[in-house]
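Heads up, the thing below is written out as structure tokens.
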Amino acid sequence: MRLHRLSITAFGPFGATQEVDFDALSSAGLFLLHGPTGAGKTSVLDAVCFALYGAVPGARQSPGASLRSDHAPADLPTEVQLELTVGGRRLEVTRSPAQPRPKKRGDGFTLEKAQSRLRGHDPERGWQALSKSHQEIGEELTRLIGMSRDQFCQVVLLPQGDFARFLRSDAEARGKLLGRLFDTRRFAAVEERLAELRRGGEARVTAADERILALAQRIAQAAGPAGAEATPIAARPGEPGLAEAVLEWAAVARSTARERLDIAHRVLTGAEGRQRTARHALDTERELARLQERYEETVRRAAALEERRPEHDRCQEELERARKADRVAPALELREEAELAHRRADAALDRARAQLPSDLADAGPDQLAELERRFRQELGGLESARRAEARSAGIDGERERLERESRADDATVRDADAWLAGWDAVHAGLRERIATAQEAATRAERLAGLLAPARRRLEAARRRDALADELLAAGETLAEARERALDAHESWLGLRERRLRDIAAELAAGLVDGTPCTVCGSAEHPAPATEGDGHVDRATEETALTAHRRAEETRARAEQALGLVRERHATAHAEARDAAADGSSAAAVADGEAQGAPGPSVDELRDTVDRLAAEHAAEHLLAAGTHAAREALDAAEREHADRLELRQEAERRAAARTSRREALDREQTALHDELAAVRGASGSVAAHADRLTRRVELLAEAAEAVRAERDAARRRKEADDRLSDAAFRAGFDTPEAAAATLLDAAAQRDLQHRIDAWQAEAAAVADRRAERDAREAAEQPAARPSAAQGAFETAEWLLREASSALAAADQRCGELTRLSRQAADEVRRLGPVRQEYERVARLAGLAAGTSADNERKMRLEAYVLAARLEQVAAAATARLQRMSSGRYTLVHSDARTGGRRAGLGLHVVDAWTGSERDTATLSGGETFFASLALALGLADVVTEEAGGVRLDTLFIDEGFGSLDDQTLDEVLDVLDSLRERDRSVGIVSHVADLRRRIPVRLEVVKERQGSSVRHRL
């Protein structure tokens, strides 16, 4: 990476634009960047870092600090532009930080956002824009340079003060710097990952042990009394012997439970024998009681059977007579059917004769049939008359239809004439409606143009009133901040004045016998000054200074906040005054506000908005009817044409109906003459035909009724003869006697059931009297089943208790076996988990430096950093030996100091004495060239770590004033040797002797209007 040109505008102490030509400065290989204290030498390096990474080095990037120069004019923006070659590409990067700028309209400032631009140079097309994105530019430059901002600040800018502290710092401080430069976060992540795995494994082992303990508790519950006799488990979750203790304890519980199961088996066997004996005795007593009861019941049933014998004989006789009468039943049913049929036929004959004329009341069937035949012949001759009558009715219907059509057409003509009479007024009204809607649309557009600005003014007035309160609060906050800043400044000045009065005592505190005084140079200190009352040390002064700076920062932020609120309030006030509508500028409105001219109130603006909105809504609603009005006009014009056409068609149909009506009248007259001859006294041919049809039906019905009555009388006579014969053969004197004895099937079944029940009971009683065991049981003493039942229930209860005890013991054994098997499975599953946990725990302890195997107690990240430090020490030694004339060598030490961890020690080997000592024992000049050699060595290692990116420009900041002439020559020779690889080195120092030794210089001049740079080539 080589720097070509740097342009600084309004940055840091530089109030105007300053150009730095690195190509001219690098031509000699070694150049000096010098100037008085506070001129801005370091700000040049800050500008380079800001151009590349968008931020200055971390030590100078304090919160609230501004990169903008206080010397710059308000209209000159802060900007840094750097031209460089990196990765074989020539680039130009331009950056501007976030900064306030004057408003384009009105007074005050507005905050300008940070901006970045990147251009690339093409030999053929020149400079080409590449990106304007902060993120894209940062990623691209970081990729090309290969280093982060922290690495760049340590490798390219080489801040000597940091490396001097690095030499004197402890291992922890070195670790932080090296970790930031070499990015060893992945090794720290490995440590954290191993620790996380260890915690996870420990949690899994503990969870498994807790599950095993839970199973042990369940085993204790399942074991019952046997579990209480066993020795309790003393191990806790996570301890190695827990699993074996649980398995041993479970085995003891299972053995005790099996012994109790054997005892329960023996007890159950004895209870079963006693229960069987009691059961047999109970069955014997129950059987004796049953036989005795059966014999007594047989005696009672025999007595009851003899009492029902007369009833049995009566039912037997009644059933025999009913069965004889059943042989007469068919004849009786036939006689009843014949009688019923004769009565129905006689009633039908009476109804038929009642409908006939009186002269035919006694007519026979033959006479009635002859009259029916004659009427049927007359009915057949009316068919042609029916067709003529139907045609006449059709003509009447058609004439009615013509009349309806005529009336409809007349109504259509009248309606059309009435509608067409007002056509001109309707047409003119619709056109006027369209014109009115179009005018409303124009007014709605004008009102819409007025409504939007009015709403903006209303919103601005609301913001104005809200910001007025914020403005008062910001003013009060600024006043308080100013008072606090003034108090802090006075406090700091007072403390500083008191410290300066006693500065001699503070310097005397650092005097050591034999060491020259930094003021007078004497090695003897006969009367060092002492601290007086109320002495102020440096820390107290710095604390007061820090408080003063913080108070100033708070005041600056309060001023900026007040300016922003005042600017927003002025903007809102200008918008509320409607500056654009009045033709005045925002500045004029702001002046009016400053002079106390009040703007319109929110209520006034709200009333204006509401009035405009109501007018706009009304006009918009009226304008919305334009389309409907046009459609109404089109529909009216179509209806006008349709009504004209309908009136013409109605007139044509009226002419056609007149000719058709005349033809129908002539046809109807001929048909009336024909039908008058046929109808006679009837109103119509159909009525005459209906009357003839009714006469034919009555005659046919009467003839059939006469024949049916004669047949029914004959069948009744035959049924009477059959009934008399059947009653005589069945043994009855008369048919009426047989009918009185007759019973239906249900009554006969009831009698038969009574007879069968008595006979079955008689047979059963006979069988029971024949039973020998019942007679013998009746001769024995009365049975006592209740006593036997009590003895059996006692034996049964004892058997149930023994069975329950056996089931509980068997269940306990099964449950213990199952839980023991689960415990064994858990122990087997725990084995690999515990092995994995122990392996991970060993690795985690080794990586964290807490394991006994890690003798030096080095963390993994510290071990990697120690290897990097060893490389840095080797690279730094090559230059340190030249700077010290071969006397000093830097070596890495992994020895422990005190109780701290080892790995990041750094010692110097003195070739003159052959001893190895700590780098903190070096003198000021030795510390400088040792730290310079360390910085150059670190730059080489970091460059190699970053992928071997070539660094053609380096800067070394301060420290040369502590060297003598010889050492300074040797250091400059080492720096001059860097040119052998086409490098250019810039030394930042205010040592006057370097101006003589380094002819090419960049001088930073401190002036009242701001610093400036001058090239000395």
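Start counting the sequence shown at 1; every next residue gets the next number (this note's numbering). Note that beta-carbon positions come from the ideal geometry of N, C-alpha and C, so glycine has one too. The structure presented is a predicted model; accordingly, all values stated were derived computationally and were not measured.
Considering only residues of the same chain and omitting the five flanking positions on each side of residue i, which have a CB-CB separation below 6 Å?
| i | result |
| --- | --- |
| Ala1036 | The question about residue 1036 has no answer here: the residues shown for the chain are numbered 1 through 1017. |
| Ser584 | Confidence at Ser584 is low in this model, with a pLDDT of 38, below 50, so its placement is unreliable and the value that follows should be read with caution. Cβ within range, chain order: n/a, list empty. |
| Glu815 | Ala222 |
| Leu32 | Ile987, Leu994, Ile998, Arg1001 |
| Arg204 | Val833 |
| Ala581 | Below a pLDDT of 50, predicted positions are generally treated as unreliable, and Ala581, at 43, falls in that range; the measurement from the model is reported next regardless. Correct list: empty, nothing qualifies. |
| Lys41 | Leu33, Gly35, Val988, Val1004 |
Check whether the Cβ atoms of residue i and residue j lie closer than 8 Å to each other.
| i | j | result |
| --- | --- | --- |
| Leu247 | Ala823 | yes |
| Leu751 | Leu332 | no |
| Ile137 | Val93 | yes |
| Ile1029 | Leu6 | No answer is possible for residue 1029: it lies beyond the span of the chain, which begins at 1 and ends at 1017. |
| His71 | Gly1010 | yes |
| Glu619 | Ala444 | yes |
| Leu865 | Ala876 | no |
| Val328 | Ala745 | no |
| Leu356 | Ala705 | no |
| Val1004 | Val56 | no |
| Ala623 | Arg463 | no |
| Arg335 | Leu723 | yes |
| Ser1012 | Gln18 | yes |
| Val1076 | Leu194 | The structure shown does not extend to residue 1076, since the chain is modelled only from 1 to 1017, so the question has no answer here. |
| Phe14 | Leu67 | no |
| Leu1017 | Val985 | no |
| Ala325 | Thr741 | yes |
| Arg661 | Arg404 | no |
| Val86 | Met147 | no |
Give me, in chain order, the residues of the same chain whose beta-carbon lies closer than 7 Å to that of residue i; leave out the 5 immediate sequence neighbours on both sides.
| i | result |
| --- | --- |
| Gln789 | Leu282 |
| Gln316 | Ile755 |
| Ala588 | A caution first: Ala588 carries a pLDDT of 42, below 50, which makes its placement in the model unreliable, though a value can still be read off. If we look at Ala588 and ignore the five residues flanking it on each side, it has no Cβ neighbours. |
| Ala416 | Arg643, Leu646, Arg647 |
| Arg775 | Tyr295 |
| Ala200 | Contrary to the premise, residue 200 reads as Gly rather than Ala in this sequence. If we look at Gly200 and ignore the five residues flanking it on each side, it has no Cβ neighbours. |
| Gly563 | Gly108, Phe109 |
| Ile395 | Leu664, Glu667, Gln668 |
State the CB to CB distance for the pair residue i and residue j, rounded to an integer number of angstroms; the pair is presumed to be in contact (CB under 8 Å).
| i | j | result |
| --- | --- | --- |
| Ala1022 | Arg300 | Because residue 1022 is not part of the residues shown, which for the chain are 1 to 1017, the question remains open. |
| Arg859 | Ala847 | 7 Å |
| Ala352 | Glu701 | 5 Å |
| Ala574 | Ala488 | That belief does not hold up - the Cβ atoms of Ala574 and Ala488 are roughly 38 Å apart, past 8 Å. |
| Val908 | Ala933 | Contact doesn't hold; Cβ gap of about 11 Å is too wide. |
| Trp912 | Arg882 | Their Cβ separation, rounded to whole angstroms, is 16 Å, which puts Trp912 and Arg882 out of contact at 8 Å. |
| Ala208 | Leu819 | That pair is no contact at about 16 Å. |
| Ala441 | Thr626 | 6 Å |
| Leu478 | Glu559 | 6 Å |
| Val413 | Ala650 | 5 Å |
Might you give, ordered along the chain, the residues of its own chain that have their beta carbon closer than 8 Å to the beta carbon of residue i, omitting 5 neighbours on each side?
| i | result |
| --- | --- |
| Arg274 | Ala795, Leu798, Leu799 |
| Leu495 | Val536, Thr540, Glu541, Ala544 |
| Leu268 | Leu799, Ala802, Ser803, Ala805, Leu806 |
| Thr78 | Thr9, Ala10, Phe11, Leu67, Arg68, Ser69, Ala72, Ser96, Pro97, Gln99 |
Does the Cβ of residue i lie closer than 7 Å to at least one heavy atom of the ligand FAD?
| i | result |
| --- | --- |
| Ala628 | Absence of the ligand FAD from the depicted structure is noted, as is the absence of any ligand whatsoever, leaving it without description. |
* Does the pairing of the stretch 534 to 545 with the stretch 489 to 499 give three or more beta-carbon distances under 8 Å? -> At 8 Å Cβ cutoff, the stretches touch.
* Okay, do the stretch 12 to 29 and the stretch 112 to 128 touch, 3+ Cβ pairs below 8 Å being the bar? -> By the Cβ rule, the stretch 12 to 29 does not count as touching the stretch 112 to 128, because fewer than three pairs are nearer than 8 Å.
* To do: Please list the segments of the beta strand (DSSP E) lying wholly inside the stretch 905 to 942, counting only runs of 3 or more residues, in order along the chain.
  => Note on the stretch 905 to 942: whole beta strand (DSSP E) runs with a minimum of 3 residues are 905 to 910, 915 to 918, in chain order.
* Secondary structure, alpha helix (DSSP H): runs of 4+ residues fully inside the stretch 275 to 330 -> Listed in chain order, they are 309 to 325.
* Meets three-Cβ-pair contact criterion under 8 Å: the stretch 710 to 722 and the stretch 334 to 347 -> Taking 8 Å as the limit for Cβ pairs, the verdict is that the stretch 334 to 347 does touch the stretch 710 to 722.
* **beta strand (DSSP E) runs contained entirely in the stretch 619 to 667, provided each spans 3 or more residues** => Fully enclosed beta strand (DSSP E) runs of 3 or longer: not present.
* Report yes or no: do three or more beta-carbon pairs, one from the stretch 537 to 555 and one from the stretch 426 to 440, lie closer than 8 Å? => No: the two stretches stay apart, fewer than three of their Cβ pairs being nearer than 8 Å.
* To do: Could you say if the stretch 645 to 657 and the stretch 443 to 457 meet the contact criterion of at least three C-beta pairs nearer than 8 Å?
  => Too few Cβ pairs lie closer than 8 Å, so no.
* **Contact the stretch 628 to 639 vs the stretch 388 to 402: 3+ CB pairs below 8 Å** => Contact between the stretch 628 to 639 and the stretch 388 to 402 is absent, with fewer than three C-beta pairs closer than 8 Å.
* Asked: Would you call the stretch 250 to 266 and the stretch 291 to 305 in contact, with 3 or more CB pairs under 8 Å?
  -> With the cut-off at 8 Å, the stretch 250 to 266 and the stretch 291 to 305 do not touch.
* Determine contact between the stretch 402 to 411 and the stretch 601 to 621, defined as no fewer than three beta-carbon pairs at a distance below 8 Å. => The stretch 402 to 411 vs the stretch 601 to 621: no contact.
* Asked: Can you list, in chain order, the stretches of the alpha helix (DSSP H) that have 4 or more residues and sit fully within the stretch 9 to 45?
  -> Fully enclosed alpha helix (DSSP H) runs of 4 or longer: 22 to 26.
* Asked: Which runs of the beta strand (DSSP E) spanning at least 3 residues fall entirely within the stretch 44 to 110, listed in chain order?
  -> For secondary structure counted as the beta strand (DSSP E) over 3 or more consecutive residues, the stretch 44 to 110 holds these complete runs in sequence order: 79 to 86, 89 to 96, 99 to 102.
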